[in-house]
């Protein structure tokens, strides 16, 4: 076992799962010895403490020391054998990974807090699920090894299956089975790519390494040094993309998400809409594009069209939704399509926009799920028709709802605007027609968001039950502020974020052979030959 | 005397001791007498197994006697089977405890069968192999039917009998044709033998392999497997899924290495056709087994069909029998055996006294009533489906990497599709365990022997599943090297 304690990423990834397993082990030991079980408040306190500690370590130990001027991955840590042919965990972050890491680590304790009322009967299960899910999502976000990515990707399914199957309400068996079956397809696709690349690596590099970078202390090639023929690239890119978009989720593989959101407590919806989606985006940006650049570039029009079609379809379906969570789920599906559109541009602006959009959309959706959870707690329903005129009894709630909705719509000075703008600017390079189509689809999305805001918060208070509703309490306001502040900061002053994302995007484009790096660094030198990595003799 | 015959001696000793224990009504019926008898006979069985391990030649040594030769490859197979047999023996205590029957005859039959499988691994002659397989397969026919109260037990025994008869018939004809073609029956002499009649050689080889394919329960010779899982007591099913499966696959692997005629044209023709045939059968078994598992309502049949799917994966490893597929096969046999023993033990622990846990829906409430067993059952099922982090995944990774290494990407794709089917099939029991129990009775407690088996299987599945993270210097690294050395002896 090769472990270096200065590898802080390992601590961040392992901490939540270790505490969750420790709590379970204590529970089992108490069960065997006949001692009383740990009280639920201890579980809650431990879960929250670990959630906040993980975020604090991520913020102070990783985000603050992170050098935005350095290209490549930072805080690279390994766990596993020193021989490179062994599967192992290799973790590290670039600017993109850092943003998603902070977002997921920050939202996990909020997920625990926001579901206090919904999980009263199952506190232990809930804390266990959130902590295990957090670890696996953080692991997938920071994995620089395809094997590790696959491992964490798979592990993140189990907590969700456990929660949906046990506590998912009416029809949970069907929903859990559907989620499991869909994700099995994604998992199998990843497996296929892992096996093929492992064998290619063995044949070409002399070692079945699945690492994206090589730590300084080791020698040898990486996945980026592989020369993959165009036919193989096409097949592997297609399979990997399908596997990843099951989770993004992109139409037509989105069908599990609305039901999963509707059956989940607020906290799980938050993690599904942020970390879960971001792992898919990381897979696309970190593995699919750099490893199969020619195939990815060929697929640009197709991916962009699918993305726009997904946005338009999901927006139209959202228009007829009568339940707030399902409506928001379709919003996620639509904006996943928009993020795919940004990724499909495969240029600096488009990719940057997609990352910012995924981040800010995640934050805004998390905020909206918290607000819907707060409404459900007060009214016992999330049906749109049950509400109306809530701005009068709940002005703070209405203000936060408005902020999140406007951010989703891409209103200037809010986080969503930056992402949307960059994606649209990037798309001009791809196709003006598609950019116009994207704008039109965004218009539909904006219309249903405005409609739901008007329907829920404005107009007369028709329902007597809505008149006496109490506004958000202090904890709810604090949680929403935690989400709203970054949305505002990104909208007003996006430079710190962009300074961290753009080098990572440039690195991806350089690995694809589509951009040159401003400076040469050890990290960039390890990125393999560019431009393009077709096998010898292959037509470009 | 060869070490592999010790279990047969143990079986004779068991019968002798059982006969001495008396045959009066009291000896038959009292729990205490039954328990004491069980302990005595169990000790004999354990000592027999230990003696086999102690008498195995170390390193690259070879121990030969009377047509049986234990080389490094046979030693790997024998150790693997004996290790799994300790778990099967522990599991069998449940049956004897619950059935309140005298364990003498079943234990003796089990030891005879085990001796046959071990001897098959050590055979160096086709005729001896035929006899060993007969010795190994006849006792299970009786063991499967041992639960005389259940119709399905007798039915599965009859199906197993027909499958056995067919396999024996085909194999015996294969031996005869090969003898006609080459005039030889020793493995050592078959390799590089001058073939007088190529057509007869091809027919003989095909029959020999099909005979073993039938023994391995590869499709289309698989229909008895789900029936055995449904009808036979858990320990008998476990014996079939461990000793029988391991021995038959390893014998097939040895034959694939041994049969290589001197004529280069014939040899290359054989090398070209065999992987094609095995790959096709593997894909058929994979898809058939896992697809049928998707629609099963009965738990035991579901596990049976999953086991058929696993046989498909094991067969896929044989496609690259002369390459890394051989090592992958041995690892996969261990992973499959451990996972199936774990699943059977969990189901057995849930079905004491009355067979309460028959259908997938019977698992409802398990996650709250017995969370430890629910977690372990989930672990074993996930391992069977090749979920990352389990031993089954490592085994599956090795098999599919070997398939990719052999250049058969289509079969790799079939393997991946089968993984989707397998994951979906195990999803139903996983979800069912999470249902609320809705007034169902509490699950029965696991007996001590079952707890031991469950803990051992769980630790092995988890440890070897996570082992790649801990490098080559650990136990798993040693295991991998040991298997590689054993397989290397096969190639030389």
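Chains as they are written, first to last, in this note's numbering: chain A, 651 to 1190; chain B, 4 to 495.
For glycine and all other residues, C-beta sits at the position ideal for the given N, C-alpha and C.
Which residues in chain A have a C-beta closer than 7 Å to the C-beta of residue i? List them in chain order.
{"i": "residue 375/B", "result": "678"}
At the level of alpha carbons, what is the spacing between residue i and residue j?
{"i": "residue 50/B", "j": "residue 696/A", "result": "50 Å"}
{"i": "residue 432/B", "j": "residue 413/B", "result": "30 Å"}
{"i": "residue 991/A", "j": "residue 1093/A", "result": "16 Å"}
{"i": "residue 932/A", "j": "residue 429/B", "result": "28 Å"}
{"i": "residue 125/B", "j": "residue 853/A", "result": "35 Å"}
{"i": "residue 1215/A", "j": "residue 829/A", "result": "Given a span of 651 to 1190 for chain A in the structure shown, any question on residue 1215/A remains unanswerable."}
{"i": "residue 397/B", "j": "residue 1053/A", "result": "48 Å"}
{"i": "residue 73/B", "j": "residue 779/A", "result": "50 Å"}
{"i": "residue 699/A", "j": "residue 1137/A", "result": "25 Å"}
{"i": "residue 1190/A", "j": "residue 233/B", "result": "The pLDDT assigned to residue 1190/A is 42, lower than 50, so where the model puts this residue is not dependable; a value taken from the coordinates is nonetheless given after this. Spanning the two alpha carbons is a distance of roughly 57 Å."}
{"i": "residue 712/A", "j": "residue 802/A", "result": "20 Å"}
{"i": "residue 278/B", "j": "residue 759/A", "result": "54 Å"}
{"i": "residue 140/B", "j": "residue 5/B", "result": "20 Å"}
{"i": "residue 1114/A", "j": "residue 1037/A", "result": "10 Å"}
{"i": "residue 1049/A", "j": "residue 1061/A", "result": "15 Å"}
{"i": "residue 763/A", "j": "residue 728/A", "result": "33 Å"}
Is the CB of residue i under 8 Å away from at least one CB in chain B?
{"i": "residue 831/A", "result": "yes"}
{"i": "residue 851/A", "result": "no"}
{"i": "residue 837/A", "result": "yes"}
{"i": "residue 845/A", "result": "yes"}
{"i": "residue 805/A", "result": "yes"}
{"i": "residue 897/A", "result": "no"}
{"i": "residue 870/A", "result": "no"}
{"i": "residue 859/A", "result": "no"}
{"i": "residue 891/A", "result": "no"}
{"i": "residue 683/A", "result": "no"}
So which residues of chain B does residue i contact, with C-beta pairs closer than 8 Å?
{"i": "residue 800/A", "result": "391"}
{"i": "residue 823/A", "result": "434, 435, 438"}
Beta-carbon of residue i versus every beta-carbon of chain A: anything under 8 Å?
{"i": "residue 483/B", "result": "no"}
{"i": "residue 416/B", "result": "yes"}
{"i": "residue 493/B", "result": "no"}
{"i": "residue 426/B", "result": "yes"}
{"i": "residue 370/B", "result": "yes"}
{"i": "residue 90/B", "result": "no"}
Going by C-alpha distance, which of the options is nearest residue i?
{"i": "residue 342/B", "options": "296/B, 306/B, 176/B, 258/B", "result": "306/B"}
{"i": "residue 362/B", "options": "177/B, 270/B, 304/B, 122/B", "result": "304/B"}
{"i": "residue 295/B", "options": "374/B, 229/B, 257/B", "result": "229/B"}
{"i": "residue 1162/A", "options": "766/A, 945/A, 786/A, 821/A", "result": "945/A"}
{"i": "residue 148/B", "options": "160/B, 141/B, 142/B, 137/B", "result": "160/B"}
{"i": "residue 454/B", "options": "96/B, 293/B, 425/B, 178/B", "result": "96/B"}
{"i": "residue 380/B", "options": "350/B, 409/B, 404/B", "result": "350/B"}
{"i": "residue 504/B", "options": "135/B, 178/B, 201/B, 449/B", "result": "Within the shown structure, residues of chain B are numbered from 4 to 495, placing residue 504/B beyond reach of any answer."}
{"i": "residue 895/A", "options": "881/A, 926/A, 878/A", "result": "926/A"}
Interface residues of chain B around residue i at Cβ under 9 Å?
{"i": "residue 811/A", "result": "430, 433, 434, 437"}
{"i": "residue 848/A", "result": "400, 404, 407"}
{"i": "residue 834/A", "result": "388, 422, 423, 424, 425, 426, 427, 430"}
Check the Cβ of residue i against every Cβ in chain B and list those closer than 7 Å, keeping chain order.
{"i": "residue 841/A", "result": "419, 422"}
{"i": "residue 816/A", "result": "370, 437"}
{"i": "residue 1031/A", "result": "In chain order: nothing, as chain B lies at least about 23 Å away."}
{"i": "residue 827/A", "result": "430, 431, 434"}
Quick check on residue i: does DSSP put it in helix, strand or coil?
{"i": "residue 795/A", "result": "strand"}
{"i": "residue 221/B", "result": "coil"}
{"i": "residue 1033/A", "result": "strand"}
{"i": "residue 87/B", "result": "helix"}
{"i": "residue 1061/A", "result": "coil"}
{"i": "residue 734/A", "result": "For residue 734/A, the predicted model reports a pLDDT of 46, less than 50, meaning its position is unreliable; a value from the coordinates is still stated below. In the structure shown, residue 734/A sits in coil (DSSP, three-state: anything other than H, G, I, E or B)."}
{"i": "residue 997/A", "result": "coil"}
{"i": "residue 725/A", "result": "strand"}
{"i": "residue 742/A", "result": "strand"}
{"i": "residue 353/B", "result": "coil"}
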